[in-house]
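Taking it in order: structure first as structure tokens, then the write-up.
Numbering (UniProt numbering), first residue to last: 1 to 725.
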């Protein structure tokens, strides 16, 4: 049977519930069991029993908040509030009951079935005991009969805010959060009773903030983590806790209008909270970062800077975040900054200032996934940087700033003026561009993972921590897969998910499919139409396409040349091949005379001739290397000079051909997956044009039939090519 997926929704801590329960971001239908308490209990009912999607639950909760969490009007006589007439609670429980009944009726009508997902809410009895109010019959306890609205009232009856509720059987209940503010242990104990033989695949625990007032949500979370999340804990790679800790302490039950504040603070938390990446594969570059940054406090006002550069999907961000996680106790302050544009830089520096407790205007209230709204009142970027710099100097602690996605030249050029100047400073910059190396004294270039780490990563994605497998056979099959992906971390992540979810965990099936459906399979594995990786920014295909489009915008000829390479034999991409393709060649015409065949006569594309030939029409080495430099700046090409005997193998048909003996050869290399997928970026018409261009280049790149003196040339040294269709 499939392992279980569990969701625990905690209550709002300060003031016992209310509008701050707005945050749960996941739909219930991906979980097998859901538990909630107090505000989390209301949401558990919406997502579980009422089977709402996230948007519907948020809308319903907003409507509930506006009607329920409005303080009752008080009548004062001689300065005394008449409690006996109105009740001492802040909010009217009758309104809460009415709204819940309306929501249930609108959603279910006369449907009384228990729903497809098991859920329960926690309610506190008068004697302090916890009662689990379930949507299903328990295998361990007598059934407790109550309606949906009664369960909702029982779990949300916060003292001083709502009156307790008495059930028809005579039992009184108060706020579930009094005894089970964080219901994680209640959830685990329930699962052990209901599913004693089932494994658990994931546990998600959602809190809604920390508070100085009562309750022990984080103590409970820490206790659970200490028991089950340590190095050998049974939920080591399965338990995930999310709890926004800053900016919400002042939001009360009746302040439902502060929805934007809650959304902004939640987004801040999700974007800036460092969490351990359980799928991180060990790599030697981590030692390079640790060595370059050192471990001692520096009094210098100039921060130490490291650049991590590599093509999209090579693992730059993961390496950077893993370093921050591993060394989180070393630094007094760790900040993450998004440098993909000035707007994002402004937003994240402003959010960083808020995280540090600095008094600045709200800077980001957009809940859009792909855009950022910069309001007119936002202080200028430099003001945010100055405020952070002042705070860092005041603290006089080691600090670390992670500057991510600095992929544009104009951003790389501007970044240094936004580096804070304070003692104990360290900055790590990630970029797809080679130009980012000049930002600091140390640069780390990422390619693929070491082969053994790549194999381990794929095995982990497919099998998790299971040891019930043939290590030797599986690792050999994993080797074949990761080698087709050039050991690129993000590609392995997506391929592993594809194998697990679409191929039933059969790595050998992937290997067999690769032999006959190479391009389609790699395309799926790298993200296109991938069922798990629908987010455009998360796909290797997408990151590469964005980078190629950046080249095409400024250097269209260079981008075309990169695409052309994808239609040629990747093991034989030599400079002299393109030089011959762009140069006239001698041949014997029908009359037996020596004649000249110009590139255009063999339909070598004009754009290629303009790219590599000077005004006189002759090949120009400088133009060639300028073009290669543009592409290699984004790590799509590596240029190598080989000296000596170089053997070229181009498949079963051509066999092996000696192409260089003692002379220097300039060889171009590009990532194998990119070579497979470069042709997928085009429509049929464009792809056909590149096929014709590649064929023309291959035909005209053959050496001269004869030399000027009339002797036949050495045909045996002609390079063998194939054209990719």
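Each residue gets a CB set at the ideal place from its N, CA and C atoms; glycine is no exception.
Inset, instruction - Classify residue 390 as buried or exposed, calling it buried when 16 or more other Cβ atoms lie within 10 Å of its own Cβ. - result: It is exposed - the Cβ of residue 390 has fewer than 16 other Cβ atoms within 10 Å.
Inset, instruction - Might you give, ordered along the chain, the residues of its own chain that have their beta carbon closer than 8 Å to the beta carbon of residue 164, omitting 5 neighbours on each side? - result: Cβ-Cβ distances below 8 Å link residue 164 to 126, 157, 172, 173, 174 in the same chain, with the five nearest sequence neighbours on each side left out; the list follows chain order.
Inset, instruction - Assess, as a yes-or-no matter, whether the segment 97-107 is touched by the segment 130-141 under the definition of 3 or more beta carbon pairs within less than 8 Å. - result: Contact fails: fewer than three Cβ-Cβ distances are below 8 Å.
Inset, instruction - Output the boundary residues of the alpha helix (DSSP H) element that contains residue 192. - result: Per DSSP, residue 192 belongs to the alpha helix (DSSP H) from 184-194.
Legend entry - Between the CA atoms of residue 494 and residue 292 - distance to the nearest angstrom: In this structure, the CA atom of residue 292 is about 31 Å from the CA atom of residue 494.
Inset, instruction - Kindly give me the distance between the Cβ atoms of residue 551 and residue 637, rounded to whole angstroms, as I take these residues to be in contact under 8 Å. - result: Contact between residue 551 and residue 637 does not hold, since the beta-carbon distance rounds to 11 Å and is not under 8 Å.
Inset, instruction - Count the other C-beta atoms from every protein chain shown that fall within 10 angstroms of the C-beta of residue 224, then say buried if there are 16 or more, exposed otherwise. - result: Of the other Cβ atoms in all chains shown, 16 or more fall within 10 Å of the Cβ of residue 224; this residue is therefore buried.
Legend entry - Beta-carbon proximity of residue 344 to residue 385, cut-off 9 Å: In this structure, residue 385 does not lie closer than 9 Å to residue 344 by Cβ.
Legend entry - Helix, strand or coil at residue 737 [DSSP, three-state]: Since the displayed the chain opens at 1 and closes at 725, residue 737 lies outside it and no answer follows.
Legend entry - Test item: CB-CB of residue 342 and residue 414 under 9 Å: Yes, they are a contact pair.
Legend entry - Among 47, 155, 154, 152, nearest to residue 116 - alpha-carbon criterion: Nearest of 47, 155, 154, 152 to residue 116, Cα basis: 47.
Legend entry - Nearest-angstrom Cα separation, counted from residue 53 out to residue 135: Rounded to the nearest whole angstrom, the C-alpha separation of residue 135 and residue 53 is 18 Å.
Legend entry - Start and end residues, alpha helix (DSSP H) containing residue 41: Counting along the chain, the alpha helix (DSSP H) containing residue 41 begins and ends at 39-44.
Inset, instruction - Would you mind sorting residue 297 into buried or exposed? The rule is 16 or more other CB atoms within 10 Å of its CB. - result: The residue is exposed, with fewer than 16 neighbouring Cβ atoms inside 10 Å.
Inset, instruction - Pull up the distance between the alpha-carbon of residue 425 and that of residue 334, whole angstroms please. - result: Residue 425 and residue 334 have their alpha carbons spaced roughly 10 Å apart.
Legend entry - Range of the contiguous beta strand (DSSP E) that encloses residue 426: Note, residue 426: beta strand (DSSP E), 425-431.
Inset, instruction - With a 10 Å radius around its C-beta and 16 neighbouring C-beta atoms as the bar for buried, classify residue 615 as buried or exposed. - result: Residue environment analysis places residue 615 among the exposed positions, since fewer than 16 neighbouring C-beta atoms fall within 10 angstroms of its C-beta.
Inset, instruction - Spell out a yes or no on whether the segment 31-49 and the segment 183-190 are touching, meaning 3 or more CB-CB pairs, one atom from each, closer than 8 Å. - result: Yes, they touch.
Legend entry - Whole alpha helix (DSSP H) elements within the segment 591-640, 4-residue minimum: If we require 4 residues or more, the alpha helix (DSSP H) runs fully inside the segment 591-640 come out as 606-612, 621-632.
Legend entry - First and last residue of the uninterrupted beta strand (DSSP E) at residue 307: Per DSSP, residue 307 is one residue of the beta strand (DSSP E) stretching across 304-309.
Inset, instruction - In angstroms with no decimal places, state the Cα-to-Cα distance between residue 503 and residue 204. - result: Distance between the alpha carbons of residue 503 and residue 204 is about 26 Å.
Inset, instruction - Verify whether the separation of the beta carbon atoms of residue 152 and residue 42 is less than 9 Å. - result: The answer is yes: Cβ separation under 9 Å.
Inset, instruction - Measuring alpha carbon to alpha carbon, tell me which of 606, 8, 435, 449 ends up nearest residue 202. - result: For the residues 606, 8, 435, 449, the minimum Cα distance to residue 202 belongs to 8.
Legend entry - Best match in 289, 549, 610, 243 for proximity to residue 442 [C-alpha to C-alpha]: Of the residues 289, 549, 610, 243, the one whose Cα lies closest to the Cα of residue 442 is 289.
Inset, instruction - Starting from residue 320, trace the alpha helix (DSSP H) both ways and give me its first and last residue. - result: From DSSP, the alpha helix (DSSP H) with residue 320 extends over 316-326.
Inset, instruction - Could you say if the segment 562-569 and the segment 678-690 meet the contact criterion of at least three C-beta pairs nearer than 8 Å? - result: Segments in contact, yes.
Inset, instruction - Closer than 8 Å by C-beta to residue 4: which residues in its own chain qualify, once you throw out the five before and the five after it? Chain order, please. - result: 32, 33, 191, 195, 198, 199, 200, 201.
Inset, instruction - Using the Cα positions of residue 312 and residue 60, report the straight-line distance between them to the nearest angstrom. - result: Between residue 312 and residue 60, the C-alpha separation is close to 41 Å.
Legend entry - Cβ pair residue 315, residue 446 closer than 9 Å: Their beta carbons are under 9 Å apart, which means residue 315 touches residue 446 by this criterion.
Inset, instruction - Identify which residue in 597, 599, 626, 150 has its Cα closest to the Cα of residue 167. - result: Of the candidates 597, 599, 626, 150, the one whose C-alpha sits nearest the C-alpha of residue 167 is 150.
Inset, instruction - Could you give the DSSP three-state label for residue 36: helix, strand or coil? - result: Correct three-state label for residue 36: strand.
Legend entry - Proximal residues to residue 431 (C-beta, below 7 Å), its chain only, five neighbours per side dropped: Cβ within range, chain order: 307, 309, 406, 407, 412.
Legend entry - residue 286 (DSSP reduced to helix, strand or coil): The three-state reading of DSSP puts residue 286 in helix, counting H, G and I together.
Inset, instruction - Determine, using beta carbons only, whether residue 689 and residue 444 come nearer to each other than 9 Å. - result: Judged by their CB atoms, residue 689 and residue 444 are not nearer to each other than the 9 Å cut-off.
Inset, instruction - Flag this pair as yes or no: are the beta carbons of residue 449 and residue 283 separated by less than 9 Å? - result: In this structure, residue 449 places its C-beta atom within 9 Å of the C-beta atom of residue 283.
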